[in-house]
Structure formats: C-alpha cells, structure tokens
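The opening position of the sequence shown corresponds to residue 175 in our numbering, with each subsequent residue numbered one higher. Step one of this worksheet: look at the structure below.
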Amino acid sequence: MSSHSFRTIAELENLGEVSLQTGPFGTQLKASEYVDKGIPVINVRNIGFGDVKKEDLEYLNDAKAEKLHQHRLRKGDIVFGRKGAVERHALIDETVNGWIQGSDCLRLRIKSQDICGRYLSHYFKTKAHQDWMQALCSFGATMSSLNQDIVRRISFPALPIVAQKKITATLTAYDELIENNQRRIALLEKMAEEIYREWFVRMRFPGHEKVKKVKGVPEGWSFDKASMFFSLVKGKSYAAEELTDDRGHMPFISLKSFNRGGGYREDGLKYYSGRYRSEQVVYQNDVVMAVTDMTQDRAVIGRVARMPDLGEKGAVISLDTVKLVPKNIHKTFLYAYMRHSGFANFIKEFANGANVLHLKPDLITQQKIIIPPIQLQNKFAPIAEPLYAEADLLGKANTQLVKMRDMLLPRLISGKLSVEHLDIKLPPGMEEHS
Numbered sequence: 175m176s177s178h179s180f181r182t183i184a185e186l187e188n189l190g191e192v193s194l195q196t197g198p199f200g201t202q203l204k205a206s207e208y209v210d211k212g213i214p215v216i217n218v219r220n221i222g223f224g225d226v227k228k229e230d231l232e233y234l235n236d237a238k239a240e241k242l243h244q245h246r247l248r249k250g251d252i253v254f255g256r257k258g259a260v261e262r263h264a265l266i267d268e269t270v271n272g273w274i275q276g277s278d279c280l281r282l283r284i285k286s287q288d289i290c291g292r293y294l295s296h297y298f299k300t301k302a303h304q305d306w307m308q309a310l311c312s313f314g315a316t317m318s319s320l321n322q323d324i325v326r327r328i329s330f331p332a333l334p335i336v337a338q339k340k341i342t343a344t345l346t347a348y349d350e351l352i353e354n355n356q357r358r359i360a361l362l363e364k365m366a367e368e369i370y371r372e373w374f375v376r377m378r379f380p381g382h383e384k385v386k387k388v389k390g391v392p393e394g395w396s397f398d399k400a401s402m403f404f405s406l407v408k409g410k411s412y413a414a415e416e417l418t419d420d421r422g423h424m425p426f427i428s429l430k431s432f433n434r435g436g437g438y439r440e441d442g443l444k445y446y447s448g449r450y451r452s453e454q455v456v457y458q459n460d461v462v463m464a465v466t467d468m469t470q471d472r473a474v475i476g477r478v479a480r481m482p483d484l485g486e487k488g489a490v491i492s493l494d495t496v497k498l499v500p501k502n503i504h505k506t507f508l509y510a511y512m513r514h515s516g517f518a519n520f521i522k523e524f525a526n527g528a529n530v531l532h533l534k535p536d537l538i539t540q541q542k543i544i545i546p547p548i549q550l551q552n553k554f555a556p557i558a559e560p561l562y563a564e565a566d567l568l569g570k571a572n573t574q575l576v577k578m579r580d581m582l583l584p585r586l587i588s589g590k591l592s593v594e595h596l597d598i599k600l601p602p603g604m605e606e607h608s
C-alpha cells in the first residue's frame with residue numbers, strides 16, 4: 175500500500191469542502207405526487223455503480239420539484255442509496271443535472287476545487303471500499319442501511335488534485351470505450367428487432383404479397399401450444415457458499431445475468447462450485463428465460479437472454495431460470511420471438527408472490543403461440559445471426575476492458591502505479607473539480 179494520507183468526509187464537511195443532504199421525508203414527497211412526465215426523480219433502484227440507471231424513473235411536475243429545490247442534483251454530486259444498495263453510488267453528470275434526489279437517497283456535494291468528484295467515484299468502485307460499506311451498513315441488520323454518520327466515516331487517499339485528475343482520465347478512457355461498445359451493442363440488437371418486427375409483426379416478410387391470410391394470419395403459419403415448439407429445463411438450486419468469483423469453476427447464469435426488459439447482462443456473471451446435471455448446462459446461442467423476479471414491476475420475469483460464448487464447458491443455469499430447448503423451431507427465431515413478440519409482457523402477468531415473483535414453467539408451455547413456417551424462419555436466421563454475433567464480440571471486448579480497468583483501479587489509487595510523471599491529456603471538462 176502507498177504512503178498516501180487519508181481524509182474522511184467528516185473532515186471535509188467540517189471545513190466546508192463538502193455537504194451532505196438526506197432525501198426528502200415521506201411527508202415532503204408522497205407516492206401520489208408522482209406524474210407521468212416531468213422532472214425525473216432518482217430513487218435507489220436508479221443508482222448503479224457510478225452511473226444513473228435511467229429505466230423505471232418516476233417524475234414530478236415543475237411546481238413540486240421547485241418545492242424540493244434543496245434536493246435538486248447538480249453535476250458532480252454523488253448520490254448513495256440508503257437501503258439495500260449501500261455499495262452503489264451514482265455520479266451526477268450533465269445528462270441528469272437538475273433531477274431530484276429521491277427519499278431513499280443520500281447526496282454528497284463537493285465544494286472544494288481540490289477534490290475531483292470523478293476520482294471519488296472511481297475510489298468508491300474499489301472492492302475494498304465496497305466491502306467496507308457492506309460490512310458497516312449491514313452490522314446487526316437484515317437489510318443494509320446507510321446514513322449520514324456512516325458516510326462521514328468514509329476515508330479516501332488524499333492525492334494532489336493533478337494526480338486525482340490523471341487517474342480519473344486514465345480510468346475514464348476505459349469507461350468511454352465500454353460505453354461506446356454498449357451503444358453499438360444496443361444498435362445491433364435494435365436492428366435485429368426491427369427486422370423481426372418488419373417480417374413477423376407488420377407481416378412484410380419476403381413473398382408476403384403472394385400469401386393468403388386467414389383471419390389475419392398468413393396461410394401456413396402454425397397456431398399451437400408452446401410445448402409443440404420448445405420444452406423447458408429447470409435450473410439448479412444452489413447455496414450461497416457454492417457461488418464464487420473463482421473463474422476455475424463453472425459460469426453460473428442467474429437473475430443477475432438478465433438486463434431489465436431482457437437480454438444478456440455481461441457484468442452479472444458468477445461462478446458455481448456445486449453439482450449439476452448435464453441438461454442444466456447452456457452453450458452459445460442457447461435461450462434462457464427468467465422465472466423469478468425481485469423487481470415488483472415485473473421487469474425481468476418472462477424475459478429471455480441469448481447466451482454468448484462462455485467457453486467450451488458452457489454455463490450452469492440457476493433455479494431462477496429455465497432453458498428453452500427448441501423443437502420444430504429455429505433457435506435464432508425462438509430467441510427473437512420470445513424477445514420481441516410481446517410474449518413476455520403477456521406471460522409475466524401469471525407470476526405471483528408477495529416479495530419475490532415466481533412463474534410456473536408449466537404455464538409457459540401451455541400458452542398458444544403463432545409461429546411462421548420453418549422455411550421462413552430459416553431465411554430470417556442468417557440475417558439476424560451476424561448482428562447477434564457482432565454484439566457478442568463487442569460484449570466479449572467489454573468484459574476484457576472491464577477486467578483491465580478493474581485491475582488498474584486499485585493499483586492507481588493505492589499509488590502502486592504512479593501517475594506523477596505521466597503526461598496524460600485531460601479530457602474536456604476535467605478542469606472542473608467534477
């Protein structure tokens with residue numbers, strides 16, 4: 175470890191270099207005051223690992239937002255979740271400047287020109303800091319909880335501002351490459367979706383002019399139970415101690431492997447050290463569906479993910495998921511259908527449970543679905559597959575970039591890798607303390 179001195183948030187607060195603000199109380203902000211459009215509110219579910227998750231936002235009208243002006247967020251603020259997500263934080267950038275801090279959040283505002291908000295954000299991403307937060311916030315409680323006193327106890331390496339900015343510039347270069355790849359992946363997936371919708375929703379598939387329709391359905395298309403087109407394999411139940419970060423074990427597909435709304439999530443992968451059956455293993459291009467959901471808005475349940483290349487051994491699926499085994503249907507079309515047809519929005523309503531939603535696999539295969547002839551599926555697959563393959567390559571590149579960035583992060587901040595004599599060009603805006 176380096177000889178850097180450490181400073182605490184409490185010290186900075188006493189010097190007026192930072193300020194803390196808890197979110198509005200329940201009496202100040204009621205659920206009934208949310209509107210369909212307006213000023214977005216950042217709640218704990220919107221807090222990522224350094225960023226803001228912009229899905230499932232809630233909104234306030236201008237008048238209500240003005241009443242909560244002391245909770246308006248500024249570029250450079252850092253927002254923490256107060257319950258259940260204490261190891262996460264969001265650095266406020268120009269895209270969310272002026273949004274409102276939610277009731278279940280806590281805001282750190284940096285006032286000093288000697289502290290770089292992005293540097294602090296990167297420090298908060300280190301495993302050492304996240305483990306410290308989890309341990310302190312979970313002590314004696316069933317759900318980890320954060321308050322101002324705990325934030326005041328946070329300490330970080332007090333580097334000169336020039337060093338802070340050089341470290342930040344180095345790590346930000348990785349972040350920008352990762353974000354650019356994520357945008358490209360989203361574009362490729364959108365292209366595949368648009369082709370699916372053009373062919374199988376708008377019914378403008380090749381040769382559609384010559385096909386008769388019977389009750390709105392093209393002649394030759396099948397309308398039957400889903401069990402006629404695929405079967406299901408239930409995933410493996412597991413104990414917490416069987417999950418590990420050791421890559422020597424089998425990759426493990428769980429709910430964390432799903433994006434909200436469907437699709438594979440690269441950073442959700444864990445590894446499994448227990449026993450499993452061979453049919454519970456999935457390989458590249460296999461289709462997996464979530465049948466459990468921790469989100470009460472049903473954003474994951476019934477959604478599918480297509481497996482990337484996870485190695486020759488494949489990956490084990492958890493009990494929260496099922497594998498869709500195709501029969502009389504092309505695997506690529508099966509994924510596209512389950513992802514884009516609206517099936518997930520329909521089937522998710524069958525899920526039930528008080529705190530955790532569960533979907534019975536039998537209900538999935540009992541539903542009737544409309545499927546085009548295999549010849550048409552075979553024409554669709556060669557068009558969609560290159561798009562999916564390119565997205566997979568970008569996803570794999572991102573996995574490597576994340577690994578390299580996360581290896582650099584503690585070494586840069588600890589001083590094991592010195593930036594003192596490096597001529598690093600600072601990106602635009604880095605002249606500011608944020």
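Glycine is no exception: its CB is placed at the ideal position from the N, C-alpha and C atoms.
Check: Could you give the DSSP three-state label for Leu550: helix, strand or coil?; Outcome: helix
Check: When you compare only the Cα positions, how much space is there between Asp251 and Asn271?; Outcome: 9 angstroms
Check: State buried or exposed for Leu189, treating a residue as buried only when at least 16 other CB atoms are found within 10 Å of its CB.; Outcome: exposed
Check: My output table needs one value for Tyr562: the three-state DSSP class, helix, strand or coil.; Outcome: helix
Check: Which residues share a DSSP beta bridge with His394?; Outcome: Contrary to the premise, residue 394 reads as Gly rather than His in this sequence. For Gly394, which the question treats as bridged, DSSP gives no partner whatsoever.
Check: Would you mind reading off the limits of the alpha helix (DSSP H) that contains Tyr509?; Outcome: Lys505 to His514
Check: What residue does the beta strand (DSSP E) around Cys279 start on, and which one ends it?; Outcome: Cys279 to Ile284
Check: Given Asp420, which residues of its chain have a CB within under 8 angstroms of its CB, disregarding the five upstream and five downstream residues?; Outcome: Tyr445 and Ser447
Check: The beta strand (DSSP E) with Ile545 in it runs from where to where?; Outcome: Lys542 to Ile545
Check: Assuming Ser183 contacts Arg281 (C-beta within less than 8 angstroms), just tell me the rounded distance between them.; Outcome: Looking at the sequence provided, one finds Ile at residue 183 rather than Ser. No, Ile183 and Arg281 are not in contact; Cβ-Cβ is about 12 angstroms, not under 8 angstroms.
Check: Identify, in the order they occur along the chain, each residue of the same chain with its Cβ nearer than 6 angstroms to the Cβ of Met175, setting aside the five sequence neighbours on each side.; Outcome: The predicted position of Met175 is uncertain, since its pLDDT is 41 and thus under 50; no value can be drawn from it.
Check: Looking only at C-alpha atoms, which of Phe397, Arg449 and Leu333 sits nearest to Glu415?; Outcome: Arg449
Check: Sorted by chain position, which residues of the same chain lie with C-beta nearer than 6 angstroms to Met365's C-beta, five sequence neighbours on each side aside?; Outcome: Leu561
Check: State buried or exposed for Met468, treating a residue as buried only when at least 16 other CB atoms are found within 10 Å of its CB.; Outcome: exposed
Check: Hey, quick one: how far does the alpha helix (DSSP H) through Lys522 stretch, first residue to last?; Outcome: Where Lys522 is concerned, there is no enclosing alpha helix (DSSP H), given that its DSSP letter is neither H nor E.
Check: Which runs of the beta strand (DSSP E) fall wholly inside the stretch 425 to 460 and span at least 3 residues, in chain order?; Outcome: 444 to 446
Check: Comparing the CB of Val388 with every heavy atom of the ligand ADP, is any distance shorter than 7 angstroms?; Outcome: No copy of the ligand ADP appears in this structure; indeed no ligand is present at all.
Check: Taking 6 angstroms as the limit between beta carbons, can you name the residues of its chain near Ala239, skipping five residues before and five after?; Outcome: Ile213 and Ile274
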